[in-house]
Amino acid sequence: SQQGEEDPQALSIQEGENATMNCSYKTSINNLQWYRQNSGRGLVHLILIRSNEREKHSGRLRVTLDTSKKSSSLLITASRAADTASYFCASGYSGGGADGLTFGKGTHLIIQP
Amino acid sequence: EPEVTQTPSHQVTQMGQEVILRCVPISNHLYFYWYRQILGQKVEFLVSFYNNEISEKSEIFDDQFSVERPDGSNFTLKIRSTKLEDSAMYFCASKEDYSPLHFGNGTRLTVT
Chain A
1 SQQGEEDPQA
11 LSIQEGENAT
21 MNCSYKTSIN
31 NLQWYRQNSG
41 RGLVHLILIR
51 SNEREKHSGR
61 LRVTLDTSKK
71 SSSLLITASR
81 AADTASYFCA
91 SGYSGGGADG
101 LTFGKGTHLI
111 IQP
Chain B
1001 EPEVTQTPSH
1011 QVTQMGQEVI
1021 LRCVPISNHL
1031 YFYWYRQILG
1041 QKVEFLVSFY
1051 NNEISEKSEI
1061 FDDQFSVERP
1071 DGSNFTLKIR
1081 STKLEDSAMY
1091 FCASKEDYSP
1101 LHFGNGTRLT
1111 VT
């Protein structure tokens, strides 16, 4: 399984500001995924970017991938209080099959009203 | 929207006892997983399951653990001789091929 490590570990910003979280991984990947976890709940898939893509958008989310640096970033624009959650990246090497993704400790994002 | 359901939401057990955590994956999904998250720590992969057999398991998933798909809908994780350090949130997930994981809301296991 691949491994993602996120930074910062915690991020607190004002509502309306943009939040940027980073992720690094160690080996070759086929895709990188970002998940969100509200306190005490399961992880919810946000966005997937494939290794041949450099940037992807989904609503207020923008994900970039730099395979030469083995890193990715998640940008949440115009943050809202409801965005408060932990965000995890996970990298996959096949995309298909039983691909057991491994998650890092995540970035705990707090949006202050 | 279909979802992965897990029961119970909270399980308390005494050290040394056996527990079975239950999951109902999304009905048309082919791949099933168990993850665990110790409080404040990262989400750790335990095992993946496909076509009625284990596809991949982590070093955490030793002989203390087993998984089973006893019928067409349930997917269970059995933990034998529970230890204090087994206390964690246990998440079940499922997916179709070439798709993201869909997680349940987890079972909080407390070993006393």
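Chains as they are written, first to last, in the numbering used here: chain A, 1 to 113; chain B, 1001 to 1112.
Even glycine gets a Cβ: it sits at the ideal position worked out from N, Cα and C.
Exposed or buried, which one is residue i when buried takes at least 16 other CB atoms within 10 Å?
{"i": "A10 of chain A", "result": "exposed"}
{"i": "M21 of chain A", "result": "buried"}
{"i": "V1004 of chain B", "result": "buried"}
{"i": "E6 of chain A", "result": "buried"}
For residue i, would you say it is in contact with chain A, using Cβ-to-Cβ distances shorter than 8 Å as the test?
{"i": "L1021 of chain B", "result": "no"}
{"i": "E1059 of chain B", "result": "no"}
{"i": "E1056 of chain B", "result": "yes"}
{"i": "F1045 of chain B", "result": "yes"}
With DSSP as the reference, label residue i as helix, strand or coil.
{"i": "E15 of chain A", "result": "coil"}
{"i": "A82 of chain A", "result": "helix"}
{"i": "L101 of chain A", "result": "coil"}
{"i": "D1086 of chain B", "result": "helix"}
{"i": "D66 of chain A", "result": "strand"}
{"i": "F1075 of chain B", "result": "strand"}
{"i": "M1015 of chain B", "result": "coil"}
{"i": "Q2 of chain A", "result": "For Q2 of chain A, the pLDDT reaches just 34, beneath the cut-off of 50, and the residue's location in the model is therefore unreliable, although a value from the coordinates is still provided. Three-state DSSP puts Q2 of chain A in coil, outside helix and strand."}
Thinking residue i and residue j are a contact (beta carbons under 8 Å), I'd like their distance in whole angstroms, please.
{"i": "I1060 of chain B", "j": "L1046 of chain B", "result": "6 Å"}
With a threshold of 8 Å between beta-carbons, can residue i be considered close to chain B, or not?
{"i": "G59 of chain A", "result": "no"}
{"i": "T102 of chain A", "result": "yes"}
{"i": "G16 of chain A", "result": "no"}
{"i": "L65 of chain A", "result": "no"}
{"i": "L48 of chain A", "result": "yes"}
{"i": "R41 of chain A", "result": "yes"}
{"i": "Q33 of chain A", "result": "yes"}
{"i": "S1 of chain A", "result": "With a pLDDT of only 33 at S1 of chain A, under the threshold of 50, the placement of this residue in the model should not be trusted, and no figure is reported."}
Rounded to the nearest angstrom, what separates residue i and residue j at their Cα positions?
{"i": "S12 of chain A", "j": "Q112 of chain A", "result": "7 Å"}
{"i": "I1020 of chain B", "j": "A85 of chain A", "result": "29 Å"}
{"i": "P8 of chain A", "j": "D1071 of chain B", "result": "43 Å"}
{"i": "L43 of chain A", "j": "N1105 of chain B", "result": "8 Å"}
{"i": "S79 of chain A", "j": "N1052 of chain B", "result": "43 Å"}
{"i": "Y35 of chain A", "j": "D83 of chain A", "result": "12 Å"}
{"i": "I76 of chain A", "j": "Q1064 of chain B", "result": "41 Å"}
Do residue i and the ligand NAP come close, with the Cβ less than 7 Å from some heavy atom?
{"i": "R60 of chain A", "result": "The ligand NAP is absent from the structure shown, which contains no ligand whatsoever."}
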